[in-house]
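Residue numbers for the sequence shown follow the working numbering, beginning at 6 and rising by one.
From the three backbone atoms N, C-alpha and C, an ideal C-beta is built for every residue, glycine too.
What follows is a single structure, written as structure tokens, with notes after it.
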Amino acid sequence: MFGLMQEGPLLISSLIEFAALNHGDEEIVSRTVEGPIHRYTYKDCVVRSRQLAKALEKLGVEQSDRIATLAWNGYRHVEIYYGVSGMGAICHTINPRLFPEQIAYIANHAEDKYIFMDLTFVPLIEAIVEHIPKVKGFVIMTDEANMPQTKLSNVICYENFLATADDDYKWPVFDERTASSLCYTSGTTGNPKGALFSNRSTILHSYAACTPDALGLSNMETILPVVPMFHVNAWGIPYAAAMSGAKMVMPGARMDGESLFELMESEQVTLSAGVPTIWMMLLGYMKENNKKFTSMKRTVIGGAAAPRAMIETFEKEYNVNVLHAWGMTEMSPLGTACNLKKKHRDYTIDQKIDLSLKQGRAIFGVDMKIVDGAGKDLPWDGVAFGNLLVRGPWITSGYFKGEGGDTVVDEDNWFDTGDVATIDPDGYMQITDRSKDVIKSGGEWISSIDVENEAVGCPGIAEAAVIAVAHPKWDERPLLVAVKEENASVTKEEVIEHLKGTLAKWQLPDDVIFVDQLPHTATGKILKTKLRGEYKDYKLPTA
Ligand code: AMP
6 MFGLMQEGPL LISSLIEFAA LNHGDEEIVS RTVEGPIHRY TYKDCVVRSR QLAKALEKLG
66 VEQSDRIATL AWNGYRHVEI YYGVSGMGAI CHTINPRLFP EQIAYIANHA EDKYIFMDLT
126 FVPLIEAIVE HIPKVKGFVI MTDEANMPQT KLSNVICYEN FLATADDDYK WPVFDERTAS
186 SLCYTSGTTG NPKGALFSNR STILHSYAAC TPDALGLSNM ETILPVVPMF HVNAWGIPYA
246 AAMSGAKMVM PGARMDGESL FELMESEQVT LSAGVPTIWM MLLGYMKENN KKFTSMKRTV
306 IGGAAAPRAM IETFEKEYNV NVLHAWGMTE MSPLGTACNL KKKHRDYTID QKIDLSLKQG
366 RAIFGVDMKI VDGAGKDLPW DGVAFGNLLV RGPWITSGYF KGEGGDTVVD EDNWFDTGDV
426 ATIDPDGYMQ ITDRSKDVIK SGGEWISSID VENEAVGCPG IAEAAVIAVA HPKWDERPLL
486 VAVKEENASV TKEEVIEHLK GTLAKWQLPD DVIFVDQLPH TATGKILKTK LRGEYKDYKL
546 PTA
């Protein structure tokens with residue numbers, strides 16, 4: 006017997022309509038590429054999203070057409086999220102930090118029909134336009150007064166385009182499984198692969214994101230997503246914020262410490278979200294300029310492991326609660342969040358920080374397990390570590406156009422994340438490494454993340470990466486490649502001495518090299534493949 010509850014498709018258009026109706030006067034504030042701060046409400050946003058959908062329809066855009074964006078976090082990008090997905094087309098966010106050839110590859114692979122771009126990215130598209138002949142036109146996300154001179158043909162001015170339609174558009178109703186957005190993984194090896202999200206997966210992910218054991222969003226929050234809208238839909242925040250009626254503050258192109266701090270203060274931001282590299286810059290600025298927050302209460306750190314020193318600074322110096330979270334593009338992206346349980350209520354601040362080094366507990370909807378090399382389940386004892394597998398309604402079942410083959414998930418739908426992790430008896434998962442990055446020293450595995458986290462806690466060290474280097478006796482041994490803080494005079498011996506405080510002797514790096522900067526991927530992660538290539542013939546002093 007079926008239940009007698011109504012069945013309506015879960016559609017992205019409903020999010021913005023809900024926000025406009027129930028939180029109509031709540032603001033979306035954006036730092037624009039043109040310069041000034043732009044401010045409007047969810048009510049204004051829904052009107053313009055509808056106009057955009059109607060204008061796209063008049064232009065001949067059809068369901069499931071791919072409409073690409075090359076854009077920062079800002080209100081027009083939010084309108085494109087809703088207008089495009091709401092009309093049943095697919096919003097393809099392109100990461101502008103990719104190499105131009107990769108952008109051309111992705112635009113061709115996705116068969117993008119139109120590309121919307123912020124003024125910043127016009128030269129980027131001009132440089133590759135010959136390589137993307139199938140794109141029908143280019144929409145520049147500005148008004149007529151700010152339209153640039155460009156050699157692109159078929160150029161449309163966003164504001165003029167919007168003005169061609171009124172807002173009497175009725176969102177179509179269609180199957181909730183219809184694809185809504187497309188995001189290619191950064192692909193450090195092989196071709197980039199597209200994760201294709203659906204209306205259904207996006208709504209379910211938004212519900213999950215709002216729960217207290219995930220991001221705990223509500224109308225009480227003012228959220229500033231530093232994580233870009235081209236990086237897994239800014240971790241789903243533009244959708245979850247609309248679902249909860251939270252005020253959104255969009256930083257645009259300026260993500261340096263000073264600009265972020267200014268915006269957090271002027272808009273009284275309570276919650277933010279971003280990768281450790283961003284927080285490193287913000288904390289650096291605040292320390293140098295002796296700044297304190299007046300409204301920030303929580304920050305989400307994800308995308309890479311949150312180092313202890315960073316969590317400590319937020320918690321102890323600035324009274325900002327760190328929410329360590331883990332996920333990946335293929336997971337929309339939220340998988341786990343490190344919220345406390347009742348049993349941790351009386352923990353000291355240091356015990357709480359110890360716990361928040363873990364990536365956290367699964368959010369309802371995400372099944373998670375760890376397995377050994379033979380695929381056998383491993384215990385949740387906080388010690389055994391193995392390959393981390395996940396499954397659930399916002400986790401990929403395959404890549405766009407079958408890229409990556411048919412075996413993306415096993416017969417029970419488990420998706421191998423490529424991460425290696427432990428899970429403790431309370432369900433807290435801790436990433437020990439990417440499976441490709443673990444250092445296999447003799448019979449033992451050394452977690453590069455553990456060593457890196459300790460290394461950045463050493464005074465004078467700004468950033469650190471640990472890679473495996475071939476060793477005649479141990480197969481592989483760790484090499485630490487580090488960037489010093491400005492004017493720091495820290496030595497190799499001092500770093501090793503610092504690491505001895507927490508690491509076993511066999512886990513210590515065999516050598517430390519100082520460099521001016523580390524290579525990063527387009528999403529801000531340290532590009533270990535490049536480092537491994539650079540140091541593949543490096544002769545360790547112990548070899
Ligand atoms: P992406 O798809 O680019 O978001 O990258 C996903 C990968 O980033 C994951 O598979 C992890 O290896 C890594 N990652 C994400 N969040 C964390 C975290 N909190 N700690 C450690 N690694 C993380």
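Proximity winner among the options, relative to residue i (alpha-carbon distances)
{"i": "M291", "options": "E270, F266, M301, R313", "result": "F266"}
{"i": "A493", "options": "L508, D521, A470", "result": "D521"}
{"i": "V144", "options": "T334, N165, T190", "result": "N165"}
{"i": "I42", "options": "M225, I208, V254", "result": "V254"}
{"i": "T299", "options": "E39, W240, Y323, I428", "result": "Y323"}
{"i": "L220", "options": "T155, P281, A150, N326", "result": "N326"}
{"i": "K441", "options": "A469, V474, C343", "result": "V474"}
{"i": "V38", "options": "G65, A76, E502, E270", "result": "A76"}
{"i": "F202", "options": "E116, K48, I17, L124", "result": "I17"}
{"i": "S19", "options": "V66, A246, G142", "result": "A246"}
{"i": "L513", "options": "V456, D148, I531", "result": "V456"}
{"i": "A73", "options": "D30, D123, N27", "result": "D123"}
{"i": "H329", "options": "I99, K348, S277", "result": "S277"}
{"i": "L362", "options": "G391, W331, T422", "result": "W331"}
{"i": "A258", "options": "P230, K252, G241", "result": "P230"}
Residue i, buried or exposed, once every other Cβ within 10 Å from all chains shown has been counted against 16
{"i": "L167", "result": "buried"}
{"i": "V425", "result": "buried"}
{"i": "R350", "result": "exposed"}
{"i": "N238", "result": "buried"}
{"i": "N418", "result": "exposed"}
{"i": "L57", "result": "buried"}
{"i": "W399", "result": "buried"}
{"i": "M301", "result": "buried"}
{"i": "N159", "result": "exposed"}
{"i": "M225", "result": "exposed"}
Boundaries (first-last residue) of the alpha helix (DSSP H) holding residue i
{"i": "E498", "result": "497 to 505"}
{"i": "A150", "result": "Segment: none, A150 is in no alpha helix (DSSP H) and carries neither H nor E."}
{"i": "T227", "result": "Not the alpha helix (DSSP H): T227 falls in the beta strand (DSSP E), residues 227 to 230."}
{"i": "T547", "result": "First-last for T547: undefined, no H or E at that position."}
{"i": "V237", "result": "237 to 240"}
Residue i (DSSP reduced to helix, strand or coil)
{"i": "A278", "result": "strand"}
{"i": "I17", "result": "coil"}
{"i": "C50", "result": "helix"}
{"i": "I208", "result": "helix"}
{"i": "M336", "result": "helix"}
{"i": "E449", "result": "strand"}
{"i": "Q364", "result": "coil"}
{"i": "M248", "result": "helix"}
{"i": "E116", "result": "coil"}
{"i": "C463", "result": "coil"}
{"i": "F202", "result": "strand"}
{"i": "D359", "result": "helix"}
{"i": "V443", "result": "coil"}
{"i": "H525", "result": "strand"}
{"i": "T534", "result": "helix"}
{"i": "A426", "result": "strand"}
{"i": "A214", "result": "helix"}
{"i": "Y433", "result": "coil"}
{"i": "H349", "result": "helix"}
{"i": "F23", "result": "helix"}
{"i": "R259", "result": "coil"}
{"i": "Y110", "result": "helix"}
Span of the beta strand (DSSP E) around residue i
{"i": "P483", "result": "480 to 489"}
{"i": "M569", "result": "The structure shown does not extend to residue 569, since the chain is modelled only from 6 through 548, so no value can be given for it."}
{"i": "F519", "result": "516 to 519"}
{"i": "P384", "result": "Counting along the chain, P384 falls outside any beta strand (DSSP E), and DSSP gives it neither H nor E."}
{"i": "L268", "result": "Note, L268: premise wrong, no beta strand (DSSP E); alpha helix (DSSP H) at 262 to 271."}
{"i": "A475", "result": "466 to 476"}
{"i": "E32", "result": "32 to 36"}
{"i": "I130", "result": "No beta strand (DSSP E) holds I130; the alpha helix (DSSP H) holding it covers 127 to 133."}
{"i": "G142", "result": "142 to 145"}
{"i": "K139", "result": "Where K139 is concerned, there is no enclosing beta strand (DSSP E), given that its DSSP letter is neither H nor E."}
{"i": "E374", "result": "Before going on, a small fix: residue 374 reads as Lys here, not Glu. Counting along the chain, the beta strand (DSSP E) containing K374 begins and ends at 372 to 376."}
{"i": "C162", "result": "160 to 162"}
Any non-hydrogen atom of the ligand ATP within 6 angstroms of residue i CB
{"i": "A379", "result": "The ligand ATP is absent from the structure shown, which contains only the ligand AMP."}
Report the residue ranges of all beta strand (DSSP E) runs contained in full by the stretch 280 to 331; include only those spanning at least 3 residues, in chain order.
Runs found: 303 to 306.
Within the stretch 64 to 102, ranges of the alpha helix (DSSP H) (whole runs, at least 4 residues):
Runs found: 80 to 91.
With a floor of 3 residues, list each beta strand (DSSP E) that falls wholly inside the stretch 166 to 200, ordered by position along the chain.
Qualifying beta strand (DSSP E) stretches, in chain order: 184 to 189.
Can you list, in chain order, the stretches of the beta strand (DSSP E) that have 3 or more residues and sit fully within the stretch 390 to 423?
Counting only unbroken stretches of 3 or more residues, the beta strand (DSSP E) elements lying wholly within the stretch 390 to 423 are 391 to 396, in sequence order.
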